[in-house]
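Sequences listed follow chains A and B, in order.
107 is the number that the numbering used here gives to position 107 of the first sequence; each next residue is one higher, with no gaps.
Plus 372 on top of the position in the second sequence (first one is 1) and you've got the numbering used here.
Right, one structure below, let's go through it.
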Amino acid sequence: MRLAWFNIAHDRVRFAVTVLGIMFAVFLMVFQGSVLLGFMRAASKIIDSTNADIWITGRGVPCFEFPVPIERRLVEISRGIPGVASASRISSGQIQVRKADGARQQVVLVGADPQVGPRFPIPRLAGDNGPVAPESLIIDGSNASQLNVSTLPMEVEANDRHAKIIGETSGFSSFIGSPYVFTSYDDAVQYLGLGRDETMFLLLQLKPDQPVRTVQQDLRSRFPNVDVWTRSEFSRRARWYWIAQTGAGGAILMAALLGFFIGLAVVSQAIYATTMENLEEFATLKAIGGSRRFIAGVVVAQALICGCAGYLLGTLITGPMVKLATASIPWVATPWWLPAAALLPTVGMCILASLLSIRAALQVEPARVFRA
Amino acid sequence: MPEPRLAVEEVSVRFGSAGTRVVAVDRVSLAFWPGTVTQIMGPSGSGKTTLLAVLGALLRPDEGRVFWSGRDITDLSEEERTTLRRDKIGFIFQAFRLLHALPAIENVLISRDVRGPRRRGDRERAVLVLNELGLGSKLDLKPAELSGGEKQRVAIARALLDDPGVLLADEPTASLDSKAGTQILELLRNLSDKRHYTTVVVSHDPRWTRYVDRIVILEDGRVIDERNGRK
Chain A
1 MRLAWFNIAH DRVRFAVTVL GIMFAVFLMV FQGSVLLGFM RAASKIIDST
51 NADIWITGRG VPCFEFPVPI ERRLVEISRG IPGVASASRI SSGQIQVRKA
101 DGARQQVVLV GADPQVGPRF PIPRLAGDNG PVAPESLIID GSNASQLNVS
151 TLPMEVEAND RHAKIIGETS GFSSFIGSPY VFTSYDDAVQ YLGLGRDETM
201 FLLLQLKPDQ PVRTVQQDLR SRFPNVDVWT RSEFSRRARW YWIAQTGAGG
251 AILMAALLGF FIGLAVVSQA IYATTMENLE EFATLKAIGG SRRFIAGVVV
301 AQALICGCAG YLLGTLITGP MVKLATASIP WVATPWWLPA AALLPTVGMC
351 ILASLLSIRA ALQVEPARVF RA
Chain B
373 MPEPRLAVEE VSVRFGSAGT RVVAVDRVSL AFWPGTVTQI MGPSGSGKTT
423 LLAVLGALLR PDEGRVFWSG RDITDLSEEE RTTLRRDKIG FIFQAFRLLH
473 ALPAIENVLI SRDVRGPRRR GDRERAVLVL NELGLGSKLD LKPAELSGGE
523 KQRVAIARAL LDDPGVLLAD EPTASLDSKA GTQILELLRN LSDKRHYTTV
573 VVSHDPRWTR YVDRIVILED GRVIDERNGR K
């Protein structure tokens, strides 16, 4: 380790360049990881914010954002099924909100019954449990400027009907471009122009100790024309759709992989150059009794020292950069374990980068030490 | 007569393939005893350095046997040869072969590092050896900051740190001026006398004849003459 450190410290410019390269790679990995994680969370945020045990959706609905109407009578039928404690509804769809300046903004309107759960934003007249406020909307704070909302309450038009934005929530920033706007279920039906016999999502809460799978199977056999999911299943389905089927996750993952490979290239190049420059010295080490393990250890230690320094700097700059990024990507999320988890690929990257150099160092013939 | 510490019997080393084969060492038999200094001389290409590499377990001969204190070491594995070099042999090279990034003290301690983690007292011992060689004030200087003679003394300190028993030196004075060269000659002679080292020196330097016990002359890979040195 000592020799590795001296070797690296001897060429400070190369060390600095290597560390900067790794820092950038680590930053890219952590940042893209944050984007991916935030994207996944955002993709299922609305589903995860309900208390429902079971979600009933139109056949083939891949996620919350692309609903298909289902028959409203399923709500009443569900309430009579053994094990079901309550049934509530959510409707959603694209509408246009006319802002104070007259400009129109496309939004995703989400209207829910109050029973969907306390974490779900529903406009109320007073407190968390007060009566539902009529013709009222709630927006996510991160979309306030997009909707030109400077003071609350604010009168707007939703699909040419009167509405009033009365509050802000947080954590529901949209990842699809159009902001989410929340209202009561009944108002959503009006704004969306939904038919009286239709709804979009049916959410069931089960009685205590009811096995979810059993009720789910029962519902599937009773309602063959719709999809019946547990909440976690629908959440995963939504995440999978946005991550895998739209290609968005692939693009983010590619960027994270790009970070890994940039780091790999930088460390490989630097360590290989250092090794080749010091090839005679590795021959000397072998001649004076340095084992293969010792030689490999020196090369790996050089890479790991660069890796650790780059990792520390990379994680240090990630925090402020993510904070900066939240101005334009509010849903980006960096949990504490993400930078920690980046240590593993960083170490892997350094070890991988050392392999070629180790090979060169081990192949050097110790007898060449006698050459003048 | 005591057992030789190092010996080769009918050793041959060939380089190249069938059409261009060169016999570097040709059926050489020699023995080296503790407390003696042997100089190997000969023209360029006579096989001196190749023979030194065989003696130092750096090169496996194509034919013949190599013995270490009576033990046949010819067919040792690479790992065993590495261990033998590490524990029993001190090398001194014409080009010093110091590690350029390390200060003098670390260059000496590297011979301990190849054995494993450092122990208490290692550094003190390295300082002691460097002091004995007159380098007490140069511990933290890197090779680029040392003169040729100083570099060679650091290299000797590295070779001596673990009291190897055998010193193999390849043209140790060739890169030095006259004064520094003489200092090295005297140093190696004293080490053989005081510590009973078996010292084998490959050198063209005629000054060695006054310091060595035996001179071996090689030509075309063969021993063509052996004579006594100072004694």
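A virtual CB, placed ideally from N, CA and C, is assigned to each residue, including glycine.
Computed from a predicted model, the values in this text were never measured in an experiment.
Open item on the list: In whole angstroms, give me the CA-to-CA distance for residue 280 of chain A and residue 537 of chain B.
Closed with: The residue labelled residue 280 of chain A in the question sits at position 280 within the first sequence. The residue labelled residue 537 of chain B in the question sits at position 165 within the second sequence. One C-alpha to the other measures close to 25 Å.
- [ ] With residue 600 of chain B as the anchor, note down where its beta strand (DSSP E) starts and where it stops.
- [x] Taking the second sequence and counting its residues from 1, the one referred to as residue 600 of chain B is at position 228. Residue 600 of chain B -> beta strand (DSSP E) spans 594 to 600.
- [ ] May I ask you to list the residues that DSSP assigns as paired with residue 437 of chain B?
- [x] In the second sequence, counting from the first residue as 1, residue 437 of chain B sits at position 65. Paired residues: B:381.
Open item on the list: Given a cut-off of 8 Å on the beta-carbon distance, is the pair residue 243 of chain A and residue 184 of chain A in contact?
Closed with: Within the first sequence, residue 243 of chain A is the residue found at index 243, counting from 1. Within the first sequence, residue 184 of chain A is the residue found at index 184, counting from 1. No, the Cβ-Cβ distance between residue 243 of chain A and residue 184 of chain A is not below 8 Å.
Open item on the list: So, with DSSP's three-state summary, where would you put residue 402 of chain B?
Closed with: In the second sequence, the residue the question calls residue 402 of chain B occupies position 30. Three-state DSSP puts residue 402 of chain B in a strand.
Open item on the list: Does the distance between the C-beta of residue 198 of chain A and the nearest non-hydrogen atom of the ligand NAP fall short of 7 Å?
Closed with: No copy of the ligand NAP appears in this structure; indeed no ligand is present at all.
TODO: Kindly list the residues whose CB is nearer than 6 Å to the CB of residue 406 of chain B, restricted to its own chain and excluding five residues on each side of it in sequence; keep chain order.
DONE: Against the second sequence, residue 406 of chain B aligns to sequence position 34. 377, 568, 570, listed in sequence order.
TODO: Starting from the beta carbon of residue 483 of chain B, find every residue of chain A whose beta carbon is closer than 7 Å, and list them in chain order.
DONE: As a first step, residue 483 of chain B must be located in the second sequence, where it is residue number 111. Within chain A, the residues near residue 483 of chain B are 288.
- [ ] Report the rounded CA-to-CA distance for residue 318 of chain A versus residue 32 of chain A, giving the unit in angstroms.
- [x] For the purposes of this step, residue 318 of chain A is taken as the residue at position 318 of the first sequence. For the purposes of this step, residue 32 of chain A is taken as the residue at position 32 of the first sequence. Distance between residue 318 of chain A and residue 32 of chain A, taken at the CA atoms: about 10 Å.
Task: alpha helix (DSSP H) runs contained entirely in the segment 186 to 258 of chain A, provided each spans 4 or more residues - done: Every alpha helix (DSSP H) of 4 residues or more that sits fully in the segment 186 to 258 of chain A is shown, in chain order, as 212 to 222, 231 to 240.
Open item on the list: According to DSSP, residue 587 of chain B sits in a beta bridge with which residue or residues?
Closed with: By one-based count along the second sequence, residue 587 of chain B stands at place 215. B:411, B:599.
Task: Local conformation of residue 370 of chain A per DSSP, three classes - done: Along the first sequence, one-based indexing puts residue 370 of chain A at 370. Three-state result, residue 370 of chain A: helix.
- [ ] Verify the CB distance criterion: does residue 439 of chain B have a CB-CB separation below 8 Å to chain A?
- [x] As a position in the second sequence, residue 439 of chain B is number 67, starting the count at 1. Answer no: the Cβ-Cβ gap between residue 439 of chain B and chain A never drops below 8 Å.
Open item on the list: I'd like to know if residue 603 of chain B contacts chain A, where contact means its C-beta is closer than 8 Å to some C-beta of that chain.
Closed with: If you number the second sequence from 1, residue 603 of chain B lands on position 231. Confidence at residue 603 of chain B is low in this model, with a pLDDT of 49, below 50, so the placement of that residue is unreliable and no value is reported for it.
Task: residue 159 of chain A versus residue 97 of chain A: straight-line alpha-carbon distance, rounded - done: By one-based count along the first sequence, residue 159 of chain A stands at place 159. By one-based count along the first sequence, residue 97 of chain A stands at place 97. Rounded to whole angstroms, residue 159 of chain A to residue 97 of chain A spans 6 Å at the Cα level.
Open item on the list: Using C-beta distances below 6 Å, list every residue in its chain close to residue 21 of chain A, excluding the 5 sequence neighbours before and after it, in chain order.
Closed with: Taking the first sequence and counting its residues from 1, the one referred to as residue 21 of chain A is at position 21. Listed in chain order, the non-local C-beta contacts of residue 21 of chain A below 6 Å within the same chain comprise 266, local neighbours out to five positions each way being set aside.
Task: Own chain partners of residue 514 of chain B with C-beta closer than 6 Å, once the 5 adjacent residues on each side are dropped - done: Within the second sequence, residue 514 of chain B is the residue found at index 142, counting from 1. Non-local beta-carbon contacts of residue 514 of chain B in its own chain, meaning distances under 6 Å to residues more than five positions away in sequence, involve 475 in chain order.
Open item on the list: Helix, strand or coil, according to DSSP, for residue 541 of chain B in the structure here?
Closed with: Locating residue 541 of chain B in the second sequence gives position 169, where the first residue counts as 1. Three-state DSSP puts residue 541 of chain B in a strand.
Task: Assigned secondary structure, residue 313 of chain A (DSSP; H/G/I helix, E/B strand, else coil) - done: Within the first sequence, residue 313 of chain A is the residue found at index 313, counting from 1. It is helical.
- [ ] Using beta-carbon positions only, say whether residue 201 of chain A and residue 89 of chain A come within less than 8 Å of one another.
- [x] Translated into positions along the first sequence, residue 201 of chain A becomes position 201. Translated into positions along the first sequence, residue 89 of chain A becomes position 89. Closer than 8 Å, so yes.
Task: DSSP-derived helix/strand/coil call for residue 272 of chain A - done: Within the first sequence, residue 272 of chain A is the residue found at index 272, counting from 1. DSSP places residue 272 of chain A within a helical segment (H, G or I) once states are collapsed to three.
- [ ] Look at the Cβ atom of residue 255 of chain A, then the Cβ atom of residue 30 of chain A, and state whether they are nearer than 8 Å.
- [x] Here residue 255 of chain A refers to the residue found at position 255 when the first sequence is read from its first residue. Here residue 30 of chain A refers to the residue found at position 30 when the first sequence is read from its first residue. No, the pair does not count as a contact, with Cβ atoms beyond the cut-off.
Task: Spatial distance of residue 477 of chain B from residue 386 of chain B (CA atoms) - done: Indexing the second sequence from 1 puts residue 477 of chain B at position 105. Indexing the second sequence from 1 puts residue 386 of chain B at position 14. Approximately 39 Å, taken between the alpha carbons.
Task: Own chain residues within Cβ distance below 7 Å of residue 603 of chain B, not counting five before or after - done: Against the second sequence, residue 603 of chain B aligns to sequence position 231. Note on residue 603 of chain B: pLDDT 49, under 50, position unreliable in the model; the coordinate value appears next. Correct list, in chain order: 585.
TODO: Return the CA-CA distance between residue 593 of chain B and residue 498 of chain B, expressed in angstroms with no decimal places.
DONE: Within the second sequence, the letter at position 221 stands for residue 593 of chain B. Within the second sequence, the letter at position 126 stands for residue 498 of chain B. A direct Cα-to-Cα measurement between residue 593 of chain B and residue 498 of chain B gives close to 38 Å.
- [ ] Closer than 8 Å, Cβ to Cβ, to anything on chain C: give me those residues from the segment 482 to 509 of chain B, in chain order.
- [x] Given the protein chain composition of this structure (A and B), no chain C is represented.
TODO: Find the residues of chain A that neighbour residue 435 of chain B, judging by a C-beta separation of less than 9 Å, and give them in chain order.
DONE: As a position in the second sequence, residue 435 of chain B is number 63, starting the count at 1. What residue 435 of chain B touches in chain A: nothing, since even the nearest Cβ is about 18 Å away.
Open item on the list: At the 8 Å Cβ level, is residue 16 of chain A part of the contact set with chain B, yes or no?
Closed with: Translated into positions along the first sequence, residue 16 of chain A becomes position 16. So no, residue 16 of chain A is outside the interface.
Task: Buried/exposed call for residue 170 of chain A, threshold 16 Cβ in 10 Å - done: Residue mapping note: residue 170 of chain A aligns to position 170 of the first sequence, counting from 1. It is exposed - the Cβ of residue 170 of chain A has fewer than 16 other Cβ atoms within 10 Å.
Open item on the list: Could you compute how far the alpha carbon of residue 82 of chain A sits from the alpha carbon of residue 227 of chain A?
Closed with: Within the first sequence, numbered from 1, the residue matching residue 82 of chain A stands at position 82. Within the first sequence, numbered from 1, the residue matching residue 227 of chain A stands at position 227. Computed Cα separation, rounded: 19 Å.
- [ ] Put residue 580 of chain B into one of helix, strand or coil per three-state DSSP.
- [x] Numbered from its first residue, the second sequence carries residue 580 of chain B at position 208. DSSP places residue 580 of chain B in the helix class (H, G or I) of the three-state scheme.
Task: Contacts that residue 452 of chain B makes with chain A (C-beta to C-beta distance below 8 Å) - done: The sequence position of residue 452 of chain B within the second sequence is 80, counting from 1. Within chain A, no residue comes near residue 452 of chain B; the closest Cβ sits about 11 Å away, beyond 8 Å.
Task: residue 164 of chain A, enclosing alpha helix (DSSP H) - first and last residue - done: Along the first sequence, read from residue 1 onward, the residue named residue 164 of chain A stands at position 164. Counting along the chain, residue 164 of chain A falls outside any alpha helix (DSSP H), though it belongs to the beta strand (DSSP E) covering 161 to 169.
Task: Proximal chain B residues relative to residue 3 of chain A, where beta-carbon distance stays under 9 Å - done: Residue mapping note: residue 3 of chain A aligns to position 3 of the first sequence, counting from 1. 471, 473, 474, 478, 482, 485, listed in chain order.
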